[in-house]
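Participant: Numbering (the working numbering), first residue to last: 476 to 678.
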């Protein structure tokens, strides 16, 4: 249960800090319209991720009798985390372009997150297998993992919005780059866990 909590925290913070359309929208809305609008964007995954989580875990539960399939899913999840780790380590910062028009922050955030492939890939190959594994050990583990992941995802994006609102150069500075590299190394550890579980299912 503690391991799943650590996974939720680490993966959530990594997802929250990673450069991408949602983070760019959080920052741009904060700069143009204030922290409240940026927070609305950051909160969007709490709503849009739940249908994805439900469908992913339902599909994996139906495949629970096919150990080889679950093994392949875990290995694909490990490869996805390796890819994310590589993206984190090689990042040199990110630029934010300010858009014009009405805020409509939550709607924009929901659309950006729902149309991005990352949530679907993550919950199907990384989050889903971890939830299934945790459920077999403790019935409260899945809820703990989901809450810690989404809490850290939203919290880290809100924190970045506050920091960038005060210093727009943070996302292009060395502290942000070092944070991303550290998180990249942490992702490799969880990739190893998924590879190990995948190989175990394939035996």
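Beta carbons: idealized from backbone N, C-alpha and C, even for Gly.
Measuring CB to CB, does residue 568 end up less than 8 Å from residue 662?
Facilitator: Going by C-beta atoms, residue 568 is not nearer than 8 Å to residue 662.
Participant: With DSSP collapsed to three states, give me the class of residue 537.
Facilitator: Residue 537: helix per DSSP, three-state reduction.
Participant: Please state whether the Cβ-Cβ distance between residue 604 and residue 548 is less than 8 Å.
Facilitator: Contact flag set, yes.
Participant: Determine, using beta carbons only, whether residue 506 and residue 602 come nearer to each other than 8 Å.
Facilitator: Contact flag unset, no.
Participant: Closest to residue 476 by CA distance: which of 619, 550, 501 is it?
Facilitator: The candidate whose alpha carbon is nearest that of residue 476 is 619.
Participant: Nearest by alpha-carbon distance to residue 532: which of 591, 669, 621, 653 is it?
Facilitator: If we check each option's Cα against that of residue 532, 621 comes out closest.
Participant: Using only CA atoms, which one of 671, 519, 648, 659 lies nearest to residue 588?
Facilitator: Nearest of 671, 519, 648, 659 to residue 588, Cα basis: 519.
Participant: Do you know how far the Cα of residue 608 is from the Cα of residue 614?
Facilitator: Taking the straight line from one Cα to the other gives about 10 Å.
Participant: Name the two residues that bound the continuous alpha helix (DSSP H) containing residue 505.
Facilitator: Where residue 505 is concerned, the enclosing alpha helix (DSSP H) stretches over 496–508.
Participant: Distance check for residue 578 and residue 483, CA to CA, integer angstroms please.
Facilitator: Straight-line Cα distance between these residues: approximately 30 Å.
Participant: I need the straight-line Cα distance from residue 631 to residue 488, nearest angstrom please.
Facilitator: Between residue 631 and residue 488, the C-alpha separation is close to 6 Å.
Participant: For the ligand COA, is there a heavy atom less than 7 Å away from the beta-carbon of residue 488?
Facilitator: Among the components of this structure there are no ligands whatsoever, and the ligand COA is therefore not found.
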